[in-house]
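Encoded as structure tokens, the structure appears first; notes follow it.
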Amino acid sequence: MVWTSPALLALASAGHVAAQNLQSTPIMGWNSYNQLSCSPNNDKITTQINALASRAFVAAGYKFFQIDCGWASRDGLRNSTTGALKIDTNAFPNGLKPLSDLARSKGMKWTMYSDAGVRMCDPQLPSPVLGSLGHEAADAAFFKSLNTEYVKSDRFIDDNCYADGPAANQNAPKDPRTDFPTRMGTMWNELKKVGIPGMLICQWGTPYSSSSGLQGPAQWAKGISTSFRLSDDIASGWSNVFRIYNQAVHVAKSGLIGPGFIADADLLEVGNSDMTSDEQATHFAAWAMLKSALMISTDVSTLSNDLVAVLQNKDLIAINQDSAVKPISLVQRWTGDRDLWAGDLANGDVAVLVVDLSNAGRTLNVQLSSLGISSASIKDLWTGQTTTGSSLSKQVNAHGSQALRLSNIQRSTAAKPTYNYISASTGSLSSGANTQSCSGCSSSTKVGYLGGSNGGRVTISNIRTSQATQIVRFDYINGEVGYLGGGTNERIAAISVNGGAAKTVSFALSGYNWDRDVSKDYAVELSGFSTTGTNTITISGVGRAYAPDLDRIGVVA
Ligand SMILES: *[C@@H]1O[C@H](CO)[C@@H](O)[C@H](O)[C@H]1NC(C)=O
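If you use mature numbering (1 follows the signal peptide of the UniProt record, and there is no 0), the sequence shown corresponds to residues -19 to -1, 1 to 538, in order.
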């Protein structure tokens, strides 16, 4: 009844608005981890806050300031008065409030890091640092007292994050668990109660074991966060960028990402070792267009002017912050040669990214017809130049990219080809390949065990088509998650038309559930078809590795 008073109503709603300053586009800011690991301290953090302001990163939009692991006390105790986590006063003798005040005085927003386990991740094993599990309310109140507006709630499984206790056997591996949503949801509820509107669930792209089978974080993190980590950690080097961007493929296609729900591809490695400047630029463009959070994680006080320019590219930032929050999708992969990604922007423009996969300097060509576009104004986001036409060629270095924004778009009027779909399970199977039931498959069955040490294969025959060279469509499942330290989040198939030389084709992760997570209509350019007689397509593996499981194949009628 008290809420019927207009004065109180106004007061309440004003307070509500102030508390719910929801960030619906990806956060942009700075995080300490890739520069400082779990060893931040007062002086180093002060330097970064000042440099972000003085080098115009804050003005460019990098506003969320985040200290990662290493801020909390190492004595295994909580604050005896509040029950909240304590600050490590060796690293931060004045506490964190002065740093929060400094960052906020420069126009930034303060954020905090915690962990949904018994112990926080730490390089020391077992971790001596407490996590937030069971103390979420006290920790949320403590974060709020620092004027926190966003919390990174870290994974509670890994080889140095103790999920259930400090003993060695409570240091859980990256296995699916049933308690991800309840643990993360508890922190989310407590943050909402104190008016902290943003939370990243940093569960490493590990699937949740639900009653209906494995679910990726894009599914289970929705409604209990504003953002989720789609992958394991990034690390230095191109292979980590490639691993994560392959894992982003199915998430981008899922339709689950949008304003207020961000797929976070992890911190940026721009400025750190082991990538060429071209690779760093491609990495940045990919993260920007995937609508990932853009969290710089390097020493910005010493960063080269060239890399400052990459990170402050206004056109890429505008695409990242586009109100539609629609990630680019992988349109087509020419395995070992190039990837073509594209995505719609709120005003009808289209963002395009073409990435060299040949790892050599070359001419990178974009044909807009591949996007169903006959002509457009094409802005090269690296040079700022705009041309009008139907294609763009550019010389790039190894793993370089074309990052484009198309406007004034003329859609192609050419009729799309008609496809005939053939269930892979109608093919002839050999060497261990078998059929399995598949509830997500159009044909209710799939073919598995293609490749492997037995060399399993399937040959589909009696295919008629009107095109000798064409884009064949594959509905496939690849649920093999690749983590840091080797995985690529792709499975490779060898595909041969009419017994000709096999083409090597990469199929990115399609999800986590081998019974359901089908990637539909994956485009693979194949040639060698007869347009008069019948054809065969044979699919097997490469080496002893497995190819993806196959639902069906679409061939141009
Ligand atoms: C415990 O919390 C109180 C209240 O926020 C604070 O003043 C005090 O400094 C904290 N003590 C430690 C050791 O963190």
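Beta carbons: idealized from backbone N, C-alpha and C, even for Gly.
Let me have the residue list for ligand 1: C-beta closer than 5 Å to any non-hydrogen atom, ordered along the chain. N60, T62, T63 and K67
Could you give the DSSP three-state label for W322: helix, strand or coil? Here residue 322 refers to the residue found at position 341 of the sequence shown. Three-state DSSP puts W322 in a strand.
Does DSSP put F510 in a helix, in a strand, or in coil? Counting from 1 along the sequence shown, the entry for residue 510 is found at position 529. F510 falls in the coil class under three-state DSSP.
Leaving out five residues before and five after G88 in sequence, what residues of the same chain have Cβ atoms less than 6 Å from its Cβ? In the sequence shown, counting from the first residue as 1, residue 88 sits at position 107. Same-chain partners within the cutoff: V39.
Reference N12; option with closest CA among Y131, L66 and D120: For the purposes of this step, residue 12 is taken as residue 31 along the sequence shown, with counting starting at 1. The candidate whose alpha carbon is nearest that of N12 is Y131.
For D280 and N71, the rounded distance between their alpha carbons: Start at 1 with the first residue of the sequence shown, and residue 71 comes out as number 90. Start at 1 with the first residue of the sequence shown, and residue 280 comes out as number 299. N71 and D280: Cα-Cα distance of roughly 22 Å.
Secondary structure of R224, DSSP reduced to three states: Indexing the sequence shown from 1 puts residue 224 at position 243. DSSP places R224 in helix when its eight states are reduced to three.
Of the choices I309, T6, D255 and P104, whose alpha-carbon is the least far from that of N152? Taking the sequence shown and counting its residues from 1, one reaches residue 152 at position 171. That would be P104, whose Cα lies nearest to the Cα of N152.
Taking a contact to mean a Cβ-Cβ separation below 8 Å, would you say F124 touches I177 in this structure? Here the question's residue 124 lines up with position 143 in the sequence shown. Here the question's residue 177 lines up with position 196 in the sequence shown. Cβ distance < 8 Å, so F124 and I177 count as in contact.
I'd like the span of the beta strand (DSSP E) that includes G166, first residue to last. Translated into the one-based positions of the sequence shown, residue 166 becomes position 185. Run containing G166: none in the beta strand (DSSP E); it sits in the alpha helix (DSSP H), F161 to V175.
Under 8 Å, with one C-beta from each stretch per pair, do the stretch 215 to 234 and the stretch 523 to 531 reach the 3-pair mark? no
What residue range does the alpha helix (DSSP H) around R85 cover? As a first step, residue 85 is located in the sequence shown; it is residue number 104 there, counting from the start. Start and end: K78 to S86.
Run the CB neighbour count on A538, radius 10 Å, all protein chains shown included, and call it buried at 16 or more, exposed below. Here residue 538 refers to the residue found at position 557 when the sequence shown is read from its first residue. A538 comes out exposed.
Taking all protein chains shown into account, do 16 or more other C-beta atoms lie within 10 angstroms of the C-beta of G365, making it buried, or fewer, making it exposed? Translated into the one-based positions of the sequence shown, residue 365 becomes position 384. By the neighbour-count rule (16 or more Cβ atoms within 10 Å), G365 is not buried but exposed.
Do M270 and A332 have their CB atoms nearer than 8 Å? Taking the first residue of the sequence shown as position 1, residue 270 is located at position 289. Taking the first residue of the sequence shown as position 1, residue 332 is located at position 351. Cβ distance < 8 Å, so M270 and A332 count as in contact.
Should T167 go down as buried or exposed, given a rule of 16 or more other Cβ atoms within 10 Å for buried? As a working note, residue 167 is residue 186 in the sequence shown. Buried: at least 16 other Cβ atoms inside 10 Å.
My output table needs one value for Y430: the three-state DSSP class, helix, strand or coil. Start at 1 with the first residue of the sequence shown, and residue 430 comes out as number 449. In this structure, Y430 counts as coil in the three-state DSSP scheme.
Give a single yes or no on whether V505 has its beta carbon closer than 7 Å to a heavy atom of ligand 2. For the structure depicted, ligand 2 is absent and the ligand set comprises only ligand 1.
Mapping DSSP to helix, strand and coil, what is Y464? By one-based count along the sequence shown, residue 464 stands at place 483. The answer is coil: DSSP assigns Y464 none of H, G, I, E or B.
Just curious, the alpha helix (DSSP H) that residue 540 is in, first and last residue? In the structure displayed, the chain extends from -19 to 538; residue 540 sits before or after that span and is not available.
Give every residue of the same chain whose Cβ lies closer than 6 Å to the Cβ of S208, excluding the five residues on either side of it in the sequence, and list them in chain order. If you number the sequence shown from 1, residue 208 lands on position 227. Excluding residues within five positions, the ones whose Cβ falls inside 6 Å are L181, I243 and D245.
Check for me: the alpha helix (DSSP H) holding W268 runs from which residue to which? Residue mapping note: residue 268 aligns to position 287 of the sequence shown, counting from 1. Segment S258 to M270, the alpha helix (DSSP H) holding W268.
By how many angstroms is the C-alpha of F161 removed from the C-alpha of Y400? Numbered from 1 along the sequence shown, position 419 holds the residue referred to as residue 400. Numbered from 1 along the sequence shown, position 180 holds the residue referred to as residue 161. Distance between the alpha carbons of Y400 and F161: 41 Å.
Within 10 Å of its beta-carbon, does L345 have 16 or more other beta-carbons around it, so buried, or fewer, so exposed? As a position in the sequence shown, residue 345 is number 364, starting the count at 1. With 16 or more Cβ atoms within 10 Å of its Cβ, L345 is classed as buried.
Out of curiosity, what's the CA-to-CA distance linking L352 and K78? Walking along the sequence shown from the start, residue 352 turns up at place 371. Walking along the sequence shown from the start, residue 78 turns up at place 97. Those two C-alpha atoms are separated by around 50 Å.
Where do the ends of the alpha helix (DSSP H) carrying N340 lie? Taking the sequence shown and counting its residues from 1, one reaches residue 340 at position 359. No alpha helix (DSSP H) contains N340, which DSSP labels as neither H nor E.
Buried or exposed for N150, going by 16 or more other Cβ atoms inside 10 Å? Translated into positions along the sequence shown, residue 150 becomes position 169. It counts as exposed.
Given that a residue counts as buried once 16 or more other Cβ atoms are within 10 Å of its Cβ, and exposed if not, what is R392? Here residue 392 is taken as the residue at index 411 of the sequence shown, counted from 1. Under this definition R392 is an exposed residue.
What separation, rounded to the nearest whole angstrom, lies between the Cα atoms of D496 and P188? Reading the sequence shown from its first residue, position 515 is the one you call residue 496. Reading the sequence shown from its first residue, position 207 is the one you call residue 188. Cα to Cα, D496 sits roughly 14 Å from P188.
For D145, the three-state DSSP class (helix, strand or coil): What you label residue 145 is simply residue 164 of the sequence shown in a count that begins at 1. Coil, per DSSP.
Using C-beta distances below 7 Å, list every residue in its chain close to S(-15), excluding the 5 sequence neighbours before and after it, in chain order. Locating residue -15 in the sequence shown gives position 5, counting from the first residue. Note that S(-15) scores a pLDDT of 36, beneath 50, so its modelled location is shaky and nothing firm can be said.
Between which two residues does the beta strand (DSSP E) carrying K67 extend? Residue 67 sits at position 86 when you count from the first residue of the sequence shown. Here K67 belongs to no beta strand (DSSP E), and DSSP marks it neither H nor E.
Can you tell me whether DSSP reads L349 as helix, strand or coil? Translated into the one-based positions of the sequence shown, residue 349 becomes position 368. It is helical.
With a Cβ-Cβ cutoff of 8 Å, do S212 and D247 count as a contact? Here residue 212 refers to the residue found at position 231 when the sequence shown is read from its first residue. Here residue 247 refers to the residue found at position 266 when the sequence shown is read from its first residue. Contact flag set, yes.
With a 10 Å radius around its C-beta and 16 neighbouring C-beta atoms as the bar for buried, classify S285 as buried or exposed. If you number the sequence shown from 1, residue 285 lands on position 304. It counts as exposed.
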